[in-house]
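Same order as they appear, the protein sequences are chains A and B.
Following my numbering from start to finish, the first sequence increments by one per residue and tops out at 200.
Following my numbering from start to finish, the second sequence increments by one per residue and tops out at 200.
Number of protein chains: 2
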Amino acid sequence: MAPRKKDHILTATLELLAEKGYEGLTIEGVAGRSGVNKTTIYRWWPSKAALLGSALIDARVLDFEVPDTGSLRGDLQALLRGTARLLTTPPASDVAVAALGAAVNSPDLAMAAKAFFADRFAREMPVFERARERGEIDESTDPMMIMDLLAGAVWLRVVFRQLPLDEDFTDRSVNALLDGVGRPGDPGAGRPARRGG
Amino acid sequence: MAPRKKDHILTATLELLAEKGYEGLTIEGVAGRSGVNKTTIYRWWPSKAALLGSALIDARVLDFEVPDTGSLRGDLQALLRGTARLLTTPPASDVAVAALGAAVNSPDLAMAAKAFFADRFAREMPVFERARERGEIDESTDPMMIMDLLAGAVWLRVVFRQLPLDEDFTDRSVNALLDGVGRPGDPGAGRPARRGG
Chain A
4 MAPRKKDHIL
14 TATLELLAEK
24 GYEGLTIEGV
34 AGRSGVNKTT
44 IYRWWPSKAA
54 LLGSALIDAR
64 VLDFEVPDTG
74 SLRGDLQALL
84 RGTARLLTTP
94 PASDVAVAAL
104 GAAVNSPDLA
114 MAAKAFFADR
124 FAREMPVFER
134 ARERGEIDES
144 TDPMMIMDLL
154 AGAVWLRVVF
164 RQLPLDEDFT
174 DRSVNALLDG
184 VGRPGDPGAG
194 RPARRGG
Chain B
4 MAPRKKDHIL
14 TATLELLAEK
24 GYEGLTIEGV
34 AGRSGVNKTT
44 IYRWWPSKAA
54 LLGSALIDAR
64 VLDFEVPDTG
74 SLRGDLQALL
84 RGTARLLTTP
94 PASDVAVAAL
104 GAAVNSPDLA
114 MAAKAFFADR
124 FAREMPVFER
134 ARERGEIDES
144 TDPMMIMDLL
154 AGAVWLRVVF
164 RQLPLDEDFT
174 DRSVNALLDG
184 VGRPGDPGAG
194 RPARRGG
């Protein structure tokens, strides 16, 4: 399938999801919106869950750049600003929030959400590989936990607390995690405790 | 209203939400499940959104203990283990995930979710006040950001990534945030950069 045609279909899928919810999303609706024959869509995606899974990973509206700023701090700040933009700037935010929110209550959609996060994490890994080569983190550091903490914070603040992201929220979050928020004198602080624990 | 009767109503509300979703939740259904007259319920809660908002904050099934272990590290680890339990142990997990997932797509429910997180945060504040008195954090530390990072990580890992929580995931997350994951030699690391930035 031609890439442009495919993107029309995937974009129509995400738009309809944001407008009508997962229940209201149909292959027929996607065919109508994208101007592509229903049977053509079924030939490539056997179900609306498959179509949505593909849309979450391949649609241009959810695409993101993997930064390479020269430092882990800079890369994480850029990644997190991107996540914040994704969750606050329409139309991507409507789509992302609708899809991932709905995923919680639909096993089909949950698979799509899981694949979405796995795909993003795979693409974020070079940030951590470069940081290891530069000596900014060591082998004991868990990249997925770092992304869970940072992306989770943005999600919680924007979607659940519904508080605006302070302009510096994402940068402060990255700094807090890299530098630590405990005072150096905190009993139990320090790397040996963390590594051994 | 007698506390026990109120809890029956609120519990029925959360059960029906988990079983039928927000669309399927009705005051009539809550009346049937709880054995309380519909008009009585309407007298106390004018809408199902109001009822659900009350349920998220006051139902015993979502209750949590605010720890006082003697250290910020211990308190945060206990809080986060509680969040992990809430999101992974039925029936609370069914209710919490259904309610908060649905909140994303319903303005009524979004208000309830916002109130739920605001209530929890208000109850978590003493943990940070005690930590300040003990000198474990200083005035520049942002308690809500700490909770966003930690609770967001658990949410993302369990609900979106659908990965099991390693037994030590919550403790490691707390340690990472208190101690920092950057190596001390990382350019740009250190408290002055964080405070001044």
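A virtual CB, placed ideally from N, CA and C, is assigned to each residue, including glycine.
Everything numeric in this text was worked out from a predicted model, so none of it was measured.
Requested in this report: Tell me whether residue 128(A) is buried or exposed, calling it buried when 16 or more other Cβ atoms sit within 10 Å of its Cβ.
Outcome: Stepping through the first sequence from its first residue, residue 128(A) is reached at position 125. The residue in question, residue 128(A), is exposed, as its Cβ has fewer than 16 Cβ neighbours within 10 Å.
Report task. Go ahead and label residue 16(B) buried or exposed: buried means 16 or more other beta carbons lie within 10 angstroms of its beta carbon, across all protein chains shown. Result -> The residue given as residue 16(B) occupies position 13 in the second sequence. Result: buried.
Report task. Please name the residues in the stretch 89–116 of chain B whose beta-carbon is closer than 9 Å to at least one beta-carbon of chain A, in chain order. Result -> 100, 101, 103, 104, 105, 106, 107, 108, 113, 114, 116
Report task. For residue 67(A), name the three-state secondary structure that DSSP assigns. Result -> Counting from 1 along the first sequence, the entry for residue 67(A) is found at position 64. Coil at residue 67(A), not helix or strand.
Query raised in the report: Quick one: what does DSSP say residue 116(B) is sitting in, helix, strand or coil?
Result: The sequence position of residue 116(B) within the second sequence is 113, counting from 1. Three-state result, residue 116(B): helix.
Requested in this report: Between the Cα of residue 72(A) and those of 143(A), 130(A), 37(A), 114(A), spot the shortest distance and give me the residue it belongs to.
Outcome: Here the question's residue 72(A) lines up with position 69 in the first sequence. The option with the nearest alpha carbon to residue 72(A) is 130(A).
Query raised in the report: What number of angstroms, rounded off, separates the C-alpha of residue 81(B) from the C-alpha of residue 102(A)?
Result: Here residue 81(B) refers to the residue found at position 78 when the second sequence is read from its first residue. Here residue 102(A) refers to the residue found at position 99 when the first sequence is read from its first residue. Between residue 81(B) and residue 102(A), the C-alpha separation is close to 32 Å.
Query - Inter-stretch contact at 8 Å, needing at least 3 Cβ pairs: the stretch 174–185 of chain B / the stretch 85–95 of chain B - result: no
Query raised in the report: Smallest Cα separation from residue 7(B): which of 98(B), 31(B), 63(B), 149(B)?
Result: Here residue 7(B) refers to the residue found at position 4 of the second sequence. Nearest Cα to residue 7(B) within the set 98(B), 31(B), 63(B), 149(B): 63(B).
Query raised in the report: In this structure, does DSSP put residue 100(A) in helix, strand or coil?
Result: Walking along the first sequence from the start, residue 100(A) turns up at place 97. Note: residue 100(A) maps to helix in three-state DSSP.
Requested in this report: Decide yes or no for the touch test of the stretch 143–160 of chain B against the stretch 103–112 of chain A: beta carbon pairs closer than 8 Å, at least 3 of them.
Outcome: A contact is defined here as three or more CB-CB pairs under 8 Å, and the stretch 143–160 of chain B fails this definition with respect to the stretch 103–112 of chain A.
Requested in this report: Please confirm if residue 184(B) has its CB atom under 8 Å from at least one CB of chain A.
Outcome: In the second sequence, residue 184(B) corresponds to position 181, counting from 1. Chain A contact via Cβ: present.
Query - Residues of the stretch 120–134 of chain A whose Cβ lies closer than 7 Å to any Cβ of chain B, in chain order - result: 120
**Report entry** Inter-residue spacing [alpha-carbon to alpha-carbon] between residue 53(B) and residue 34(B)
**Finding:** Position 50 of the second sequence, counted from the first residue, corresponds to residue 53(B). Position 31 of the second sequence, counted from the first residue, corresponds to residue 34(B). Roughly 15 Å between the two C-alpha positions.
Query raised in the report: The alpha helix (DSSP H) spanning residue 160(B) covers which residue range?
Result: In the second sequence, counting from the first residue as 1, residue 160(B) sits at position 157. Per DSSP, residue 160(B) belongs to no alpha helix (DSSP H) and is neither H nor E.
Requested in this report: In the DSSP assignment, find the alpha helix (DSSP H) that holds residue 34(A) and state where it starts and stops.
Outcome: Locating residue 34(A) in the first sequence gives position 31, where the first residue counts as 1. Here the alpha helix (DSSP H) through residue 34(A) covers 30–37.
Report task. Specify the secondary structure class of residue 130(A) as computed by DSSP and reduced to three states. Result -> The count along the first sequence starts at 1 and reaches residue 130(A) at position 127. DSSP places residue 130(A) in helix when its eight states are reduced to three.
Query raised in the report: If you count every other CB in all the chains shown that lies within 10 Å of the CB of residue 23(A), and 16 or more means buried, which is it?
Result: In the first sequence, counting from the first residue as 1, residue 23(A) sits at position 20. Exposed is the call here.
Query raised in the report: With 16 as the cutoff for other CB atoms within 10 Å, does residue 104(A) come out buried or exposed?
Result: Along the first sequence, one-based indexing puts residue 104(A) at 101. By the neighbour-count rule (16 or more Cβ atoms within 10 Å), residue 104(A) is buried.
Requested in this report: Measure from the C-beta of residue 7(B) to each C-beta in chain A and report whether the shortest distance is under 8 Å.
Outcome: Working through the second sequence from its first residue, we reach residue 7(B) at position 4. Chain A contact via Cβ: absent.
Query raised in the report: Out of curiosity, what's the CA-to-CA distance linking residue 74(B) and residue 25(A)?
Result: Position 71 of the second sequence, counted from the first residue, corresponds to residue 74(B). Position 22 of the first sequence, counted from the first residue, corresponds to residue 25(A). Spanning the two alpha carbons is a distance of roughly 45 Å.
Query raised in the report: First and last residue of the alpha helix (DSSP H) that includes residue 80(B)?
Result: The sequence position of residue 80(B) within the second sequence is 77, counting from 1. Counting along the chain, the alpha helix (DSSP H) containing residue 80(B) begins and ends at 75–91.
Query raised in the report: How is residue 171(B) classed by DSSP in three states: helix, strand or coil?
Result: Translated into positions along the second sequence, residue 171(B) becomes position 168. Note: residue 171(B) maps to coil in three-state DSSP.
Query raised in the report: residue 182(B) by DSSP, collapsed to three states: which one?
Result: Here residue 182(B) refers to the residue found at position 179 of the second sequence. Of the three classes helix, strand and coil, the one that applies to residue 182(B) here is helix, per DSSP.
Query - Spatial distance of residue 27(B) from residue 61(A) (CA atoms) - result: As a position in the second sequence, residue 27(B) is number 24, starting the count at 1. As a position in the first sequence, residue 61(A) is number 58, starting the count at 1. The straight-line gap from Cα to Cα measures roughly 33 Å.
Query - Within chain B, partners of residue 176(A) - CB distance below 9 Å - result: Reading the first sequence from its first residue, position 173 is the one you call residue 176(A). The CB of residue 176(A) comes closer than 9 Å to the CB of 148, 151, 152 in chain B, given here in chain order.
Requested in this report: Anything in chain B within Cβ reach of residue 205(A), meaning under 9 Å, just list it in chain order.
Outcome: Residue 205(A) falls outside the range modelled here, since chain A spans only 4 to 200, and no answer is possible.
**Report entry** Cβ separation of residue 186(A) and residue 138(B), assumed to be a contact under 8 Å, to the nearest whole Å
**Finding:** Translated into the one-based positions of the first sequence, residue 186(A) becomes position 183. Translated into the one-based positions of the second sequence, residue 138(B) becomes position 135. At roughly 7 Å, the Cβ-Cβ gap stays under 8 Å, so residue 186(A) and residue 138(B) are in contact.
Query raised in the report: Assuming residue 11(B) and residue 50(B) make a contact with CB atoms under 8 Å, what is their CB distance in whole Å?
Result: Position 8 of the second sequence, counted from the first residue, corresponds to residue 11(B). Position 47 of the second sequence, counted from the first residue, corresponds to residue 50(B). Wrong, their Cβ atoms sit about 19 Å apart, outside the cutoff.
Query raised in the report: When we look at the beta-carbon of residue 178(B) and count the other beta-carbons within 10 Å, is it buried (16 or more) or exposed?
Result: On the second sequence, residue 178(B) is found 175 positions in, with the first residue counted as 1. The residue in question, residue 178(B), is buried, as its Cβ has 16 or more Cβ neighbours within 10 Å.
Query raised in the report: Quick one: does residue 138(A) have its CB under 8 Å from some CB of chain B?
Result: For the purposes of this step, residue 138(A) is taken as residue 135 along the first sequence, with counting starting at 1. Answer yes: the Cβ-Cβ gap between residue 138(A) and chain B drops below 8 Å somewhere.
Requested in this report: Note down, in chain order, every chain A residue with its Cβ under 7 Å from the Cβ of residue 27(B).
Outcome: Residue mapping note: residue 27(B) aligns to position 24 of the second sequence, counting from 1. The premise fails here: residue 27(B) is roughly 11 Å from chain A at the closest Cβ pair, so nothing lies under 7 Å.
Query raised in the report: By the 10 Å Cβ neighbour count, where 16 or more other Cβ atoms means buried, how is residue 66(A) classified, buried or exposed?
Result: Position 63 of the first sequence holds residue 66(A). The residue in question, residue 66(A), is exposed, as its Cβ has fewer than 16 Cβ neighbours within 10 Å.
Query - Under 8 Å between C-beta atoms of residue 83(B) and residue 173(B) - result: Position 80 of the second sequence, counting from 1, holds the residue named residue 83(B). Position 170 of the second sequence, counting from 1, holds the residue named residue 173(B). Closer than 8 Å, so yes.
**Report entry** Test item: CB-CB of residue 205(A) and residue 59(A) under 8 Å
**Finding:** Not covered by the structure: residue 205(A). The range shown for chain A is 4 to 200.
Query raised in the report: Do you know whose CA, among 148(B), 31(B), 124(B), lies nearest residue 171(A)'s CA?
Result: In the first sequence, the residue the question calls residue 171(A) occupies position 168. Considering only alpha carbons, the answer is 148(B).
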